[in-house]
Amino acid sequence: MAPVDEAGPVGVLRAQLGAYLLLVRIAFRQAAQYRASLALMTATEVAATMLDLAAIGIVFAHLPALDGFSLAEVAFLYGTSALAFALAEALVGPVDRLGWHIRDGRFDVVLIRPVSVLVQAATLSFAPQRIGRVVQPAVIVVVSCAALDVDWTAGRTLLVPAMVLCGTVIAGSAFVAAASVLFVAPDATVAVAALAQGSALAARYPMTIYGRRLGLLLTVAAPIGFVSWLPALYVLDRPDPFGLPFATRFASPLVALLAAAVATLAWRAGVRRYRSTGN
Amino acid sequence: MTDQDDVVIEVAGATKTFVQRRRGERRLRRERVDVAAVRDVSFTVRAGEIVGYLGPNGAGKSTTIKMLIGVLTPTSGRLRVAGIDPARQRIALARRIGVVFGQRSTLWYDLPLRDSFALARHLYRIPDDRFQANLRRFVEMLDLGPFLDTPVRQLSLGQRMRGDLTAAFLHDPAIVYLDEPTIGLDVVSKAAVRAFLAETNRENGTTIMLTTHDTADIEQLCRRVLVIDHGRLGFDGELAVLRERLGGDRTLVVDLAEPLPALSVATPGARVIRVDGPRQWLAFPATASAAPLVAEIAARYPLVDLSIREPPIEEVVTRLYTSGAPTPRPAPD
Ligand SMILES: Nc1ncnc2c1ncn2[C@@H]1O[C@H](COP(=O)(O)OP(=O)(O)O)[C@@H](O)[C@H]1O
Ligand SMILES: [Mg+2]
Numbered sequence: 192m193a194p195v196d197e198a199g200p201v202g203v204l205r206a207q208l209g210a211y212l213l214l215v216r217i218a219f220r221q222a223a224q225y226r227a228s229l230a231l232m233t234a235t236e237v238a239a240t241m242l243d244l245a246a247i248g249i250v251f252a253h254l255p256a257l258d259g260f261s262l263a264e265v266a267f268l269y270g271t272s273a274l275a276f277a278l279a280e281a282l283v284g285p286v287d288r289l290g291w292h293i294r295d296g297r298f299d300v301v302l303i304r305p306v307s308v309l310v311q312a313a314t315l316s317f318a319p320q321r322i323g324r325v326v327q328p329a330v331i332v333v334v335s336c337a338a339l340d341v342d343w344t345a346g347r348t349l350l351v352p353a354m355v356l357c358g359t360v361i362a363g364s365a366f367v368a369a370a371s372v373l374f375v376a377p378d379a380t381v382a383v384a385a386l387a388q389g390s391a392l393a394a395r396y397p398m399t400i401y402g403r404r405l406g407l408l409l410t411v412a413a414p415i416g417f418v419s420w421l422p423a424l425y426v427l428d429r430p431d432p433f434g435l436p437f438a439t440r441f442a443s444p445l446v447a448l449l450a451a452a453v454a455t456l457a458w459r460a461g462v463r464r465y466r467s468t469g470n
Numbered sequence: 006m007t008d009q010d011d012v013v014i015e016v017a018g019a020t021k022t023f024v025q026r027r028r029g030e031r032r033l034r035r036e037r038v039d040v041a042a043v044r045d046v047s048f049t050v051r052a053g054e055i056v057g058y059l060g061p062n063g064a065g066k067s068t069t070i071k072m073l074i075g076v077l078t079p080t081s082g083r084l085r086v087a088g089i090d091p092a093r094q095r096i097a098l099a100r101r102i103g104v105v106f107g108q109r110s111t112l113w114y115d116l117p118l119r120d121s122f123a124l125a126r127h128l129y130r131i132p133d134d135r136f137q138a139n140l141r142r143f144v145e146m147l148d149l150g151p152f153l154d155t156p157v158r159q160l161s162l163g164q165r166m167r168g169d170l171t172a173a174f175l176h177d178p179a180i181v182y183l184d185e186p187t188i189g190l191d192v193v194s195k196a197a198v199r200a201f202l203a204e205t206n207r208e209n210g211t212t213i214m215l216t217t218h219d220t221a222d223i224e225q226l227c228r229r230v231l232v233i234d235h236g237r238l239g240f241d242g243e244l245a246v247l248r249e250r251l252g253g254d255r256t257l258v259v260d261l262a263e264p265l266p267a268l269s270v271a272t273p274g275a276r277v278i279r280v281d282g283p284r285q286w287l288a289f290p291a292t293a294s295a296a297p298l299v300a301e302i303a304a305r306y307p308l309v310d311l312s313i314r315e316p317p318i319e320e321v322v323t324r325l326y327t328s329g330a331p332t333p334r335p336a337p338d
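In order, the protein sequences belong to chains A and B. Reminder that position 55 of the first sequence reads as 246 in my numbering, one-by-one numbering, no gaps. Reminder that position 251 of the second sequence reads as 256 in my numbering, one-by-one numbering, no gaps.
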């Protein structure tokens with residue numbers, strides 16, 4: 192007989208969220224033990240972010256238009272997708288370290304705690320300083336929104352945070368789905384990380400730069416076009432160069448749900464196939 | 006299905022096969038080899054039992070335990086722990102069991118013990134009064150006080166193991182699994198671990214299943230033992246029965262008042278196997294009483310002190326598997 196959790200699905204979700212926040216707090220406390228190195232890493236992150244911002248500024252300044260997109264439009268695309276990926280990275284990015292933990296035999300312990308494996312995998316190598324990476328794209332989003340020459344209707348205004356949220360879910364789901372492979376092939380850490388970085392890079396630019404075939408593939412199948420490209424077309428009030436139905440611009444929440452479902456299934460399949468280490 | 010109410014662990018035909026990839030002899034291609042770590046193992050454990058799970062290295066002990074705690078999904082067979090399918094309802098199970106790995110800590114490496122326990126209180130949602138009472142009791146029993154505020158990575162193996170034991174019992178689990186909990190420990194820590202397990206079993210009725218290579222662990226804790234080798238269960242019953250069935254020699258160690266040549270004794274089956282100054286070692290059949298031998302020596306030689314050693318479990322287990330076909334398992338009770 193299956194014991195029923197009194198709290199129900201909502202209660203379970205709340206409990207797991209609580210566990211996530213608690214474990215993140217612990218990660219901060221553990222990182223604080225190595226105060227010098229934390230300070231150094233944070234300083235490095237901040238410096239890197241500033242350099243990044245400067246570099247982007249220079250590129251954009253010398254790039255009046257990209258494939259017919261204005262500077263502000265390109266910046267908006269870049270900022271919203273980069274922000275979504277940075278948020279996903281901050282929340283679940285460390286799942287790609289799973290392979291290391293498995294190989295070192297540190298993962299058995301995770302499976303015996305009454306906390307979701309995903310929550311633990313996402314917090315096991317949580318790096319507090321990585322939160323800093325959200326700053327740069329957030330700045331770009333704000334600046335580009337101010338510079339955009341569009342009619343800020345309620346719909347457009349609301350779509351911006353909504354698309355970032357959906358984009359975060361899609362990107363996070365992609366990270367988790369890719370990391371699921373590590374349960375079976377713990378040595379694939381580098382490949383999985385490369386895939387995540389690659390899709391983050393690919394999502395930043397107008398999909399038209401990849402040409403029609405690859406562009407469509409990336410947009411719909413990957414589906415990084417739903418991270419920011421398609422909803423951005425609505426915000427920017429532009430026709431779809433690929434001629435996709437108008438409704439696709441509002442499909443991001445649906446795609447996000449779908450992506451989350453696929454990621455959940457992949458993750459569960461991975462946990463079931465976890466083979467531990469012989470010692 | 007009568008009288009099954011207090012069965013807390015139920016394993017029926019559990020099998021786990023690993024696919025190992027090995028580098029081929031000549032070719033560069035790796036070949037796949039199926040390793041059957043556990044084959045068709047069945048047993049049940051009742052609430053409140055302490056069961057020793059024995060077998061040589063690579064026998065399948067850890068694999069069985071990992072299936073019971075929901076870490077590994079069995080290839081086939083049925084497992085139930087407290088009525089729960091371990092691999093399918095991992096989180097529900099995790100609240101009811103405790104696990105100790107001798108080779109690996111379940112604690113947070115960079116946190117002091119105290120913080121690790123506080124974290125466990127939240128993750129396991131232990132009621133505050135239970136938590137405080139348990140912690141106070143375990144700290145006293147295991148003498149954790151002096152190193153409660155030391156980060157785990159700075160603890161000695163013995164200290165760490167006491168911390169791990171505490172963490173495994175804090176949430177009042179019904180069942181606790183320990184995989185080689187005394188490995189590498191000093192004598193004092195080993196004694197502390199055994200005393201702790203014996204008391205929690207007696208006071209809380211905690212069901213305990215442990216693997217070990219230490220004879221004393223088994224002798225002091227387990228009435229019942231399971232023996233596994235090459236993934237197959239070969240014995241399930243009382244330790245005394247296992248010993249009796251397999252024979253083997255016990256050892257009588259005598260300290261004499263002065264160094265003497267090897268004693269000549271008339272007791273059947275007894276013989277001196279080692280002499281070191283005034284101390285001599287005599288082997289005699291495990292099935293025989295030590296009394297006649299001791300009496301004979303005391304009567305004829307200047308006996309100062311003596312002790313008796315049981316045949317090491319490892320030896321008994323090896324004998325089980327070299328004595329031909331595995332003995333049929335008697336049904337428990
Ligand atoms: N994660 C694993 N992957 C592949 N083979 C394993 C794994 N774990 C155990 N084995 C193999 O299964 C067999 C039993 O191992 P194990 O259960 O660890 O034995 P024990 O704990 O009794 O020493 C061994 O042959 C071992 O090599
Ligand atoms: Mg083992």
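Here a beta-carbon is modelled for each residue, glycine too, at the ideal position from N, C-alpha and C. All values derive from a computational prediction rather than experimental measurement.
Residues passing the C-beta test against ligand 1 heavy atoms, cut-off 6 Å: This selection yields 466(A), 467(A), 468(A), 469(A), 23(B), 25(B), 40(B), 42(B), 60(B), 62(B), 63(B), 64(B), 65(B), 66(B), 67(B), 68(B).
Are there 16 or more other CB atoms within 10 angstroms of the CB of residue 211(A), so buried, or fewer, so exposed? Using a 10 angstroms sphere on the CB of residue 211(A), the tally of other CB atoms reaches 16 or more, which defines it as buried.
Taking CB distances under 9 Å as the criterion, tell me whether residue 306(B) reaches chain A. Cβ-Cβ to chain A under 9 Å: no for residue 306(B).
Is there a Cβ from chain B that is less than 9 Å from the Cβ of residue 296(A)? Taking Cβ atoms only, chain B reaches closer than 9 Å to residue 296(A), which makes this a yes.
7 Å Cβ cut-off: residues of chain B touching residue 310(A): Going along chain B, no residue has its Cβ under 7 Å from residue 310(A), so there is no contact; the nearest lies around 10 Å.
Grouping DSSP H, G and I as helix and E and B as strand, with all else coil, what is residue 246(A)? The answer is helix: DSSP assigns residue 246(A) an H, G or I state.
Would a C-beta distance cut-off of 9 Å place residue 261(A) and residue 395(A) closer than the cut-off? Taking 9 Å as the Cβ cut-off, residue 261(A) and residue 395(A) do not qualify as a contacting pair.
Closer than 9 Å at the beta carbon, the chain B residues around residue 377(A): Listed along the chain, the chain B residues whose CB falls inside 9 Å of the CB of residue 377(A) amount to none; the nearest CB is some 13 Å away.
Is any heavy atom in ligand 2 found nearer than 8 Å to the beta carbon of residue 184(B)? Under cutoff, so the answer is yes.
Check the DSSP bridge columns for residue 214(B) and list the partner residues they point to. Under the DSSP definition of a beta bridge, residue 214(B) partners with 56(B), 182(B).
Is the CB-CB distance between residue 139(B) and residue 115(B) below 9 Å? The beta carbons of residue 139(B) and residue 115(B) sit no closer together than 9 Å.
With a 10 Å radius around its C-beta and 16 neighbouring C-beta atoms as the bar for buried, classify residue 266(B) as buried or exposed. With a threshold of 16 other beta carbon atoms within 10 Å, residue 266(B) falls short and is exposed.
Beta-carbon proximity list for residue 329(B), same chain, < 6 Å, skipping 5 on both sides: Summary for residue 329(B): the model assigns pLDDT 48, below 50, so the residue's position carries little reliability, and this model does not support an answer.
If I'm right that residue 286(A) touches residue 370(A) with Cβ under 8 Å, what's the distance once you round it to whole angstroms? Residue 286(A) to residue 370(A), Cβ: 4 Å. Contact.
Let me know the secondary structure DSSP gives residue 320(A) once reduced to three states. The answer is helix: DSSP assigns residue 320(A) an H, G or I state.
Taking 8 Å as the threshold, find out whether the region 167-187 of chain B comes into contact with the region 92-110 of chain B through three or more Cβ pairs. Segments in contact, yes.
Check whether the region 415-425 of chain A touches the region 320-339 of chain A, counting contact only when three or more Cβ pairs, one atom from each stretch, lie closer than 8 Å. Because the criterion of three Cβ pairs below 8 Å is not met, the region 415-425 of chain A and the region 320-339 of chain A do not touch.
Residue 234(A), buried or exposed, once every other Cβ within 10 Å from all chains shown has been counted against 16: Burial call: exposed.
CB contact check: residue 102(B) to chain A, cutoff 9 Å: Yes, contact with chain A.
Mind the definition here: the region 20-29 of chain B touches the region 37-49 of chain B only if three or more C-beta pairs lie below 8 Å; say whether that holds. A contact between stretches requires three or more CB pairs, one per stretch, nearer than 8 Å, and the region 20-29 of chain B meets this requirement with the region 37-49 of chain B.
Answer yes or no: do residue 167(B) and residue 197(B) have a C-beta to C-beta separation smaller than 9 Å? With respect to residue 197(B), residue 167(B) sits close: the two C-beta atoms are nearer than 9 Å.
Tell me whether residue 264(A) is buried or exposed, calling it buried when 16 or more other Cβ atoms sit within 10 Å of its Cβ. Buried: at least 16 other Cβ atoms inside 10 Å.
Close Cβ partners of residue 302(A) (< 8 Å) along its chain, the five nearest in sequence each way excluded: Contacts found: 308, 462, 465.
Residue range of the unbroken alpha helix (DSSP H) whose run includes residue 413(A): Under the DSSP assignment, residue 413(A) falls outside any alpha helix (DSSP H); it carries neither an H nor an E label.
Residues, ordered as in the chain, of the region 63-76 of chain B that lie near chain A by beta-carbon distance below 7 Å: If you check each beta-carbon in the region 63-76 of chain B against every beta-carbon of chain A, the ones closer than 7 Å belong to 71, 74, 75, 76.
Buried/exposed call for residue 113(B), threshold 16 Cβ in 10 Å: For residue 113(B), the number of other beta carbons within 10 angstroms of its own is at least 16, and it is reported as buried.
Residues, ordered as in the chain, of the region 197-224 of chain A that lie near chain B by beta-carbon distance below 7 Å: If the cut-off is 7 Å between Cβ atoms, the region 197-224 of chain A has 210, 213, 217, 221, 224 near chain B.
Length-filtered (4 minimum) alpha helix (DSSP H) runs lying within the region 286-352 of chain A: List check, alpha helix (DSSP H) in window: 289-294, 299-302, 308-315, 326-338.
Between residue 6(B) and the rest of its own chain, which residues show a CB-CB distance below 6 Å, the 5 nearest in sequence each way excluded? The predicted position of residue 6(B) is uncertain, since its pLDDT is 44 and thus under 50; a value taken from the coordinates is nonetheless stated next. Here residue 6(B) has no same chain residue with a Cβ atom under 6 Å from its own Cβ, once five neighbours each way along the sequence are excluded.
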